[in-house]
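>
Numbering (full-length UniProt numbering), first residue to last: 1 to 222.
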């Protein structure tokens, strides 16, 4: 009988380990996990930060939050049902049993949730001592100002491959063409006005004396 009870406890512990591993996977993937009689854990992501003093760009960080709402979301139930090849109602029952054991264990003393945090439970509250969560391949990166002269890069403009300098030159040319056209227009206008004045002068037109001449002729006729 003693051997049988020990075997049962062993297999139950294996099931609990498997459940906890799957719950951990769900938390890391979907950032939110609810456990009956325990509450809801949520991973909050913070963006990368720039450390001005050390001149480092720090990778995104995560904070584990907890609140006592232990309602199971349908997505979590169906995910676990699919993973265990079981029906949703059976999963709810298993999670309820697991939650009771998990809550009791946390209240007995510090519980090391592998890869997540140390949990300490009291009546109606859980204290979290979070482990550092690092994203594989992401670490602090040195941020140094690099000044390069005459740097060009290729870019696609329509269906043409051009350098950045070529694009800059092409954008500046239309302005130059417009200013040149305006200058030529003013020159032509001035030349035209001078030509008209010259022709009128050659034909004997004097705008200052034309009025007097007209009055004199009228006086003679009378």
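Glycine is no exception: its CB is placed at the ideal position from the N, C-alpha and C atoms.
1. Can you tell me the Cα-Cα spacing of residue 37 and residue 79, whole angstroms?
2. Between which residues of its own chain and residue 118 is the CB-CB distance below 6 Å, once the five residues before and five after are set aside?
3. Buried or exposed: residue 165, going by 16 or more other Cβ atoms within 10 Å of its Cβ?
4. Roughly how many angstroms lie between the CA atoms of residue 106 and residue 145, to the nearest whole one?
5. By the DSSP assignment, the alpha helix (DSSP H) with residue 86 in it spans what residues?
6. CB-CB under 7 Å to residue 133, same chain, minus the five flanking residues each way: which ones, in chain order?
7. How is residue 126 classed by DSSP in three states: helix, strand or coil?
8. So, with DSSP's three-state summary, where would you put residue 57?
9. Just the Cα atoms here: how many angstroms apart are residue 169 and residue 185?
Once the coordinates are examined:
1. As a first step, residue 37 must be located in the chain shown, where it is residue number 37. As a first step, residue 79 must be located in the chain shown, where it is residue number 79. Taking the straight line from one Cα to the other gives about 20 Å.
2. In the chain shown, the residue the question calls residue 118 occupies position 118. Excluding residues within five positions, the ones whose Cβ falls inside 6 Å are 110, 112, 129.
3. Looking up residue 165 in the chain shown gives position 165. Result: exposed.
4. Taking the first residue of the chain shown as 1, we reach residue 106 at position 106. Taking the first residue of the chain shown as 1, we reach residue 145 at position 145. Distance between the alpha carbons of residue 106 and residue 145: 49 Å.
5. Locating residue 86 in the chain shown gives position 86, counting from the first residue. No alpha helix (DSSP H) holds residue 86; DSSP gives it neither H nor E.
6. Start at 1 with the first residue of the chain shown, and residue 133 comes out as number 133. Cβ neighbours of residue 133 beyond the five flanking positions: 62.
7. Walking along the chain shown from the start, residue 126 turns up at place 126. Residue 126 falls in the strand class under three-state DSSP.
8. Here residue 57 refers to the residue found at position 57 when the chain shown is read from its first residue. In this structure, residue 57 counts as strand in the three-state DSSP scheme.
9. As a working note, residue 169 is residue 169 in the chain shown. As a working note, residue 185 is residue 185 in the chain shown. Distance between the alpha carbons of residue 169 and residue 185: 25 Å.
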